[in-house]
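Colleague:
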Amino acid sequence: MIVFEGAAFFKFVDQHRDEFKDSNTINTLMSLRDLARNCCKCERKQKRELAVNYFGALGQNLNEKDKQIIKELNGGESVKIMMQEHLVVEIL
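Shown next as structure tokens:
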């Protein structure tokens, strides 16, 4: 089983951006992350919070196609996506 936590999952998606080009969920997540990174200091905390909340809801937002892509890109192994101790999604 492969376990991604936070930044490792973002790095994984960055490495495979072309495979996720049609994924609204992944594209929204990455846009929120980029917005938080590039935002002015006064609003950065709020934007980062939006990105973290969206990441925490991936289990509800990822569709079966997204899950299949993630699993295939990891050699068909099961995948857990974590946020600290919180299990975000498990793909078996």
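In the working numbering, the protein residues as written are 175 to 266. Glycine included, C-beta positions come from ideal geometry on N, C-alpha and C.
So is H190 in contact with chain C if we call contact Cβ pairs under 8 angstroms?
Modeller: Within the model displayed, chain C is absent; a lone protein chain is all it includes.
Colleague: Using the Cβ count rule (16 or more neighbours within 10 Å means buried), how would you classify D240?
Modeller: Sequence index remark: in the sequence shown, residue 240 carries index 66 (1-based). Its Cβ being crowded by 16 or more others within 10 Å, D240 is buried.
Colleague: Check for me: the beta strand (DSSP E) holding L261 runs from which residue to which?
Modeller: Locating residue 261 in the sequence shown gives position 87, counting from the first residue. Here the beta strand (DSSP E) through L261 covers H260 to I265.
Colleague: Which residues does DSSP list as the beta-bridge partners of M257?
Modeller: Within the sequence shown, the letter at position 83 stands for residue 257. M257 pairs with H260.
Colleague: In chain order, what are the residue ranges of uninterrupted alpha helix (DSSP H) at least 4 long that sit wholly in the region 196-230?
Modeller: Complete alpha helix (DSSP H) runs here, min 4: 198-212 and 215-230.
Colleague: Closer than 6 angstroms by C-beta to E193: which residues in its own chain qualify, once you throw out the five before and the five after it? Chain order, please.
Modeller: Within the sequence shown, the letter at position 19 stands for residue 193. Cβ within range, chain order: I243.
Colleague: Tell me the rounded alpha-carbon separation between H190 and N235.
Modeller: Counting from 1 along the sequence shown, the entry for residue 190 is found at position 16. Counting from 1 along the sequence shown, the entry for residue 235 is found at position 61. Using only the alpha carbons, I get a separation of about 19 angstroms.
Colleague: Alpha carbon to alpha carbon, how far is A210 from C216? Give it in angstroms, no decimals.
Modeller: Position 42 of the sequence shown, counted from the first residue, corresponds to residue 216. Position 36 of the sequence shown, counted from the first residue, corresponds to residue 210. Looking at the two C-alpha atoms, the distance is approximately 11 angstroms.
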